[in-house]
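Asks:
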Amino acid sequence: MRIDGHYDRDIDIAWLRFEGYDPATVVAEEVEPGLREIDPETGKIVGLEYWNASRTLPSDFLAMLPPPTVRSAA
Amino acid sequence: MHLDDVAPEDLVFQIVRRLVTDLQQAGFSLAETSFSKALGSLRDFFRGKAVVDMPGNPYLVRWTAHALAKVEILGIDRVEIERAILEYDHVRRQNPGAAAWRINAGRLVIVYQHPDQGDRSAARVVTVWRKR
Chain P
1 MRIDGHYDRD IDIAWLRFEG YDPATVVAEE VEPGLREIDP ETGKIVGLEY WNASRTLPSD
61 FLAMLPPPTV RSAA
Chain X
1 MHLDDVAPED LVFQIVRRLV TDLQQAGFSL AETSFSKALG SLRDFFRGKA VVDMPGNPYL
61 VRWTAHALAK VEILGIDRVE IERAILEYDH VRRQNPGAAA WRINAGRLVI VYQHPDQGDR
121 SAARVVTVWR KR
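Chains as they are written, first to last, in the working numbering: chain P, 1 to 74; chain X, 1 to 132.
1. Taking Cβ to Cβ, would you say residue 71(P) is nearer than 8 Å to residue 87(X)?
2. Identify each residue in the region 55 to 87 of chain X for which the Cβ-Cβ distance to at least one residue of chain P is less than 7 Å, and report them in chain order.
3. Apply the 10 Å Cβ neighbour rule to residue 47(P) and answer buried if 16 or more other Cβ atoms are within range, or exposed otherwise.
4. Which residues in chain P have a C-beta closer than 7 Å to the C-beta of residue 125(X)? List them in chain order.
5. Could you tell me which of 104(X), 66(X) and 117(X) sits nearest to residue 130(X), measuring between CA atoms?
6. Closest to residue 3(P) by CA distance: which of 41(P), 31(P), 45(P) and 28(P) is it?
7. Quick one, are the C-beta atoms of residue 35(P) and residue 28(P) less than 8 Å apart?
8. Any heavy atom of the ligand NAP closer than 7 Å to the Cβ of residue 59(P)?
9. Report the residues of the region 87 to 110 of chain X with a CB closer than 7 Å to any CB of chain P, ordered along the chain.
10. Using the beta-carbon of each residue, which ones in chain X are nearer than 9 Å to residue 34(P)?
11. Using the beta-carbon count (16 or more within 10 Å), is residue 94(X) buried or exposed?
12. In the DSSP assignment, find the unbroken beta strand (DSSP E) run with residue 16(P) in it and report its ends.
13. Specify, as a first and last residue, the run of the alpha helix (DSSP H) that residue 72(X) falls within.
14. How far does the alpha helix (DSSP H) with residue 7(P) in it extend, from its first residue to its last?
15. Curious, which full-length beta strand (DSSP E) runs of at least 3 residues does the region 37 to 63 of chain P contain?
16. Which term fits residue 59(X), buried or exposed, when burial requires 16 or more other beta carbons within 10 angstroms of its beta carbon?
17. Starting from the C-beta of residue 7(P), find all residues in its chain whose C-beta is less than 6 Å away, skip the five residues before and the five after it, and write them out in chain order.
18. When the Cα of residue 128(X) is compared with those of 106(X), 115(X) and 56(X), which residue comes out closest?
19. If you draw a straight line from the alpha carbon of residue 118(X) to that of residue 124(X), how long is it in whole angstroms?
20. Would you please state the rounded distance, in angstroms, between the beta carbons of residue 102(X) and residue 109(X)? I believe it to be under 8 Å.
Following this line, the structure appears as structure tokens:
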């Protein structure tokens, strides 16, 4: 399974996107560790956003995630 | 006397004092003591002796790298987010999760910090999502 995502160390948020993630249609709902992103057509979970990620996810896994990349200037 | 020789704080102080004098002459009844105190405070402020602690709404929006990357991927207009924060900060709600505050803008939920690292003029977007 392909996983895209990033880890923003400054705010301790990790964002994971799975196969079938359609950014144009995805919706989200809050759950205990952060957000669960859902494909509204199928109801499948296609993404997860972890707040306080370092408390929830293994540090080895967070170290594998790249930092957020932004195409345009802030 | 040349305008360049006048310090900005003195200029502002003189303008306000002139205004008060004009108002008094126009028949406005002003409490002398409190006005003197206010003028003194104003002068101190402009001379950098005082810090004004105003709660105020943000007028500048900054972004975390996560939020910026996310709106780009989701195809959400940054301007829409920034406008929502600047216009609706006064109806924000406390957020239990990733940052202090949240507002709803249509189907969008915007979570942000304010003040941003002590800067009351600025808010920082932490994350954004579309509601189900």
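Don't be surprised by glycine CBs; every beta carbon is placed ideally from N, CA and C.
Replies: Answer, in terms of the structure:
1. no
2. 63, 64, 65, 66, 68, 69, 70, 72, 73, 74 and 75
3. buried
4. Per Cβ cutoff of 7 Å: no residues; residue 125(X) is ~10 Å from chain P at best.
5. 104(X)
6. 45(P)
7. yes
8. No copy of the ligand NAP occurs in the structure displayed, which carries no ligand at all.
9. 97 and 98
10. 97, 98 and 127
11. exposed
12. 13 to 18
13. 65 to 74
14. From DSSP, residue 7(P) is part of no alpha helix (DSSP H) but of the beta strand (DSSP E) over 3 to 8.
15. 45 to 51
16. exposed
17. 14, 62 and 65
18. 106(X)
19. 11 Å
20. 6 Å
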